[in-house]
Amino acid sequence: MTRFGRTSRLVAAMLGGALVLSACSDDGEESNEESNAGGSGGTVTYAMAQPWDSYNGTTAGANSAANGQVMEQVLSGFWRFGNEDGQPIPNEEFGTFEMTSEDPLTIEYSINENAVWSDGTPIDCDDVLLWWTAKSGRWDSMFSSPGITGIEDTAMPECADGDKAFTLVYDQPYADWLTAGPGHGNVVFMPAHVVAEQAGFTPEEFLAALQADDPAPLEPAAEFFNNGWLIDGALPDESMIPSSGPYRITDYVADQYVTLSRNEEYWGEPGTAETIIIRMVAEPEQVQALQNGDADIIEPQPTVDMAQQIEAASGIESVVGEEYVYEHLDFNFNDGPFADSHALREAFALCVPYQTLVDNLIAPVVPDATVKQVRNVAPWDEGYQEAVDASAEWIEQYGTTDIERSRQILEEENAVGTEVVLGTLDNQRRNDAGLLIQSSCNEAGFEVDFQPAADFFDTTGALSENRFDVAMFAWSGSPDRSGWNSTYRTVAECSPDGKGNNNGCYGNEELDELLDQVLRTSDLAEAVDLTAQIEAHLWEDLVTIPLYQHPGITAWNSQVENVVSNPSQNGIVWNAQTWSKS
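According to mature numbering (1 follows the signal peptide of the UniProt record, and there is no 0), the sequence shown holds residues -25 to -1, 1 to 557 in order.
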């Protein structure tokens, strides 16, 4: 299903039809071949608002869009979110995989014989077992992970030093097995030989430790895996950050830029551009950066001002399209006023100015935008209306602004004047949204302390460390139902490494059971029904509050080729290996 089917209408509504939609191929491989045949290389600069802070985006604290965008072309695996639809597609340059049995579910993988890290080390069994150990949670989350991926249902793969083939055997069905396997984003392979060296193992000792039954020797390895790849002011030594993709990281200046250069050891189709510079540019400054040549591609959260600036600029192409990204509010269930009070969560839900947020922030860009009524199903996905219908009672009760009822609840709870820390990332649209929420909820009787912060998403930021009562941010989704599963599953502990994606640390056994069921079914009708039940539960218990679907805008220098929008998690960089600049 094409997510950009309404692009032309949206562009026309937004900018009077002045912008140009980039050419898209139906197949990612064809696009790659065309690019490398006609591309002229050069340097392409992409502007990104958030700073890069970790080479290892597979940990809970570093699982951010910014880290994913930088690492998209540096670390690779068996699959990725590809083509303009944002669907998962095989990455046959890395290797091949095949489901060979449905009962038990069995997937056989084979890494390309030529696949090596950029330092020449083969990608093989030790990388597989490090990945499996982290993703399976074998040692009580000793190795940090964002949460449930299905690998906890598999047996340890059997392989020996140097082996490039391995098999995953699941002990129960898992619907999203394709994206559970090693591939993209937070399920990518990390270099086991680097972990081994940093933890004091020889490669042979590390492989043996991964295969053994005693976790104690692995504690230094887990400590490095979790924290050793954090980027703290300077680029780690080159030996610590090898590449398995078309590009490798060659330069970095804190809060300014990251430079990716062609990985000369990459065995597949080489990157077209000689270098890709990812430059940190605040969103309000990105259009100007594009106009003055400091950036070639931008993908900011769109505002009316940005749209008008782009329309007035020359030599710029642009596209607006729907994204799998949605804005929401998370309550803190670990501490603060909402942790044990459904009544106060209800009062806050009722003071949120839903329609005002959409009217002021989204509708000027996308005129037919509406308040988002459910969380995990995009309007174009199967089961969207069923989820809305199942939640209708609760949407009517909690999902419409009612200042008078909100104040009444606060008075009944003797809670007028309750202080609420509202945290978010410091950017223009969220600042505007935060001030609107603050004003509306203060009118109801709360005292909202709005705290936007540039480091909100950092591994030591307010979101990771639960320094909020309500958090406002967006989830970058995908077509997979497993992609949001860990967001609501009861956490092992409410800590940056223990809570996975469940930032509010909510827990409920009944919901956990529904989440288990939706992971297992391959029947679409059953999955739709279970998703609807999950959405109704999330509304009834006021776990999170959906606000609106993000529109996406991408603008680029007309001299850059092969810029193709993508609605999935890492957006425009999905095909950065084909970018070139004439």
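Glycine included, every Cβ here is placed at the ideal spot set by N, Cα and C.
If you draw a straight line from the Cα of residue 476 to the Cα of residue 116, it is about 14 Å long. For residue 85, the enclosing beta strand (DSSP E) covers residues 80 to 86. Around residue 365, the same chain offers 507, 508, 510, 511 as residues with beta carbons nearer than 8 Å, after the five sequence neighbours per side are excluded. A direct Cα-to-Cα measurement between residue 183 and residue 104 gives close to 10 Å. Residue 335 and residue 385 have their C-alpha atoms roughly 27 Å apart. Judged by pairs of C-beta atoms under 8 Å, the region 279 to 288 does not touch the region 534 to 546, as fewer than three such pairs exist.
Going by DSSP, residue 378 is part of the alpha helix (DSSP H) stretching over 378 to 387. Counting the other Cβ atoms within 10 Å of the Cβ of residue 228 gives fewer than 16, which makes it exposed. Cβ neighbours of residue 348 within its own chain (closer than 6 Å, five residues either side excluded): 363, 370. Straight through space, the alpha carbons of residue 129 and residue 171 are spaced by roughly 24 Å.
Put simply, the backbone Cα of residue 131 is about 39 Å away from that of residue 24. Nearest neighbour of residue 340 by Cα position, chosen from 191, 474, 523, turns out to be 523. The region 160 to 194 contains, as complete alpha helix (DSSP H) runs of 4+ residues, the segments 167 to 173, 178 to 186 (chain order). Put simply, the backbone Cα of residue 495 is about 18 Å away from that of residue 465. In the DSSP assignment, the residues bridged to residue 143 are 82. Sequence-distant Cβ neighbours of residue 192 in its own chain, meaning closer than 6 Å and more than five residues away, are 184. In this chain, the alpha helix (DSSP H) harbouring residue 508 covers 499 to 515.
Between the region 316 to 335 and the region 413 to 420, the count of Cβ pairs shorter than 8 Å is three or higher; the stretches touch.
With contacts defined as CB atoms closer than 7 Å, residue 87 and residue 70 qualify as a contacting pair. Of all alpha-carbon atoms in 48, 551, 450, the one lying nearest the alpha-carbon of residue 223 is that of 48.
DSSP places residue 373 in the uninterrupted alpha helix (DSSP H) bounded by 367 to 373. Rounded to the nearest whole angstrom, the CA to CA distance from residue 231 to residue 481 is 36 Å. Using a C-beta cut-off of 8 Å, the region 483 to 500 makes no contact with the region 132 to 143, since fewer than three inter-stretch Cβ pairs fall below that distance.
Cβ contact annotation for residue 527 (same chain, cutoff 6 Å, sequence separation greater than five): 296, 298, in chain order. Under the three-state reduction of DSSP output, residue 556 falls in the strand class. The alpha carbon of residue 214 has as its nearest neighbour, out of 125, 96, 292, the alpha carbon of 96.
Remark: C-beta atoms of residue 435 and residue 303 do not approach each other more closely than 7 Å.
Boundaries of the beta strand (DSSP E) around residue 531: 519 to 532.
Partner residues in the beta bridge of residue 232, as assigned by DSSP, are 228, 254. Nearest to residue 211 by alpha-carbon distance, out of 504, 368, 354, 29, is 29.
Here the C-alpha atom of residue 318 lies approximately 11 Å from the C-alpha atom of residue 383.
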